[in-house]
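So the sequence shown is numbered by our numbering: it starts at 2 and just counts up by one.
In this text, a Cβ means the ideal position worked out from N, Cα and C, and glycines have one as well.
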Amino acid sequence: MGLEITRIVSTEFAYTVPDVGTDEYGFNLRYDPGNELERKSFALQVETDGDVTGEFVGGTSPGAAQVNMIADYLIGKNPLEREKHWSELKRALRKFDGMGIGPLDIALWDLAGKRDETPIHELLGTYRTEIPAYASTYSADDAGGLDSPDAFADFAEECYEMGYSGFKIHPWSGSDAARDINREIELVTAVGERVGDRMALMIDPACEYETFMDALRVGRACDEQNFFWYEDPYRDTGISQHSHRKLRQMLDTPLLQTEHIRGLEPKTDFVANEGTDLVRVDPVYDGGITGAMKVVRMAEGFGLDTEFHAPGPAQRHCIAATRNTNFYELALVHPDCSNSTPPVYLGDYADELDSITGEGCVSVPNGPGLGVDYDWDFILENKTGSVHEYT
């Protein structure tokens, strides 16, 4: 007899991030000394009749709502039939973005690794165990942190001296006044002139630029400074194949798109229609480890690289099994505040600015499954009351 899923528990919990706030509109995170920002996350447990439990902490509120829609399907099922479950859940969420699949799929991979006493990257097929990381900043601020082109250049140089081989800028955001294209160009130029001959440089405006011509102007500054990639520049929100094909035709800097395109087929269409040079994917957002690795293989078939969004143990395992990728995103980092990720790990796993080796890499967890131990005492002590149980 095989394993059978007997119970699933989803627990929302809260935590605070010191010295971090948001821009004026409340959307992007940035340095805010003295402030304490409350954040929420979700902890998922998939239990079986075989005394092995799959776990995952992370995800978003829309994803958690979708977990509530589909978790009942898994009760009584064999947790090792991930491909079958992925297909059924994908169809079930066809009217939505499918972000509820990711946390469940990652927990099933964690369960499989624990059952076999094997890390997930070995189940996938290990390509590497040390991954070069790039420093991915908080959004620019006006509070004495990353508040000027020179401040970003100083921080980039600091990151280089720590061992980072890549540096990604998240520039100003929020009010209309913050979107000063001349200042954006000065920022690209300052960082490029300071460290461009020593580091791979990227910029991610997070779709802040208001017009195609704004995106083009900053892109041409990236060309002048030989940037490694240019990511999600303007207000199409990163989803227009046509506009990004046009932008690619007018720039030399490679574009990185598809962070906001959910799932295998839309990403494939974006690539086939030449809307991007590099393919963005996230196991939490894009159907779990199962979905993310499908995108990796699709991109490999087109001869393109895949770049994983955000830090986390699931991302590390996927990257460890991916040839066609370049970096791990150590986000969000800042000279004066810590990352915004929840403090839920026991042991030595961390995604902070100083979490890299002297060679600028992060290691892949080598324990069973995800290879991390969660602090369930912290999670349960900080639960919000939103706990959903399926049996």
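When H389, G370, T17, T291 are compared against F57, the one with the closest alpha-carbon: G370
DSSP beta-bridge partners of Y1: This structure gives no information on residue 1, because the portion of the chain shown stretches from 2 to 392.
Span of the beta strand (DSSP E) around L256: 256-258
Under 8 Å between C-beta atoms of T254 and R281: Contact check for T254 against R281 fails: the beta carbons are separated by 8 Å or more.
Three-way DSSP call (helix, strand, coil) for E266 in this model: The answer is helix: DSSP assigns E266 an H, G or I state.
Beta-carbon contacts of P366 that lie in its chain and below 7 Å, excluding the five residues immediately before and after: P120, P314, R317, Y350, G372, V373
In DSSP terms, what I204 is bridged to: I170, Y231
Range of the contiguous alpha helix (DSSP H) that encloses K384: Premise fails: K384 lies in the beta strand (DSSP E), 384-391, not in any alpha helix (DSSP H).
Every unbroken alpha helix (DSSP H) within the region 105-164, with a cutoff of 4 residues, ordered by chain: If we require 4 residues or more, the alpha helix (DSSP H) runs fully inside the region 105-164 come out as 121-125, 150-163.
T238 - containing beta strand (DSSP E), residue span: Here T238 belongs to no beta strand (DSSP E), and DSSP marks it neither H nor E.
For L305 and E275, the rounded distance between their alpha carbons: Cα-Cα distance, rounded: 11 Å.
Which listed residue (L257, E225, E211, Q242) has its alpha carbon closest to that of Y235: For the residues L257, E225, E211, Q242, the minimum Cα distance to Y235 belongs to E211.
Contact belief for W230 with L257 at Cβ below 8 Å, rounded distance in angstroms: 4 Å
Presumed contact (8 Å Cβ cut-off) between T12 and K384, rounded CB distance: 5 Å
Touch test, the region 281-298 against the region 130-138, Cβ-Cβ under 8 Å, three pairs minimum: no
Range of the contiguous beta strand (DSSP E) that encloses Y32: Unbroken beta strand (DSSP E) run through Y32: 30-49.
Contiguous beta strand (DSSP E) assignments of at least 3 residues, all confined to the region 323-372: 329-334, 362-364
Stretch-stretch touch, CB-based, cutoff 8 Å, three pairs: the region 100-114 with the region 37-54: yes
At least 3 beta-carbon pairs within less than 8 Å: the region 174-190 vs the region 218-225: yes
Three-way DSSP call (helix, strand, coil) for P80 in this model: If DSSP states are grouped into helix, strand and coil, P80 belongs with coil.
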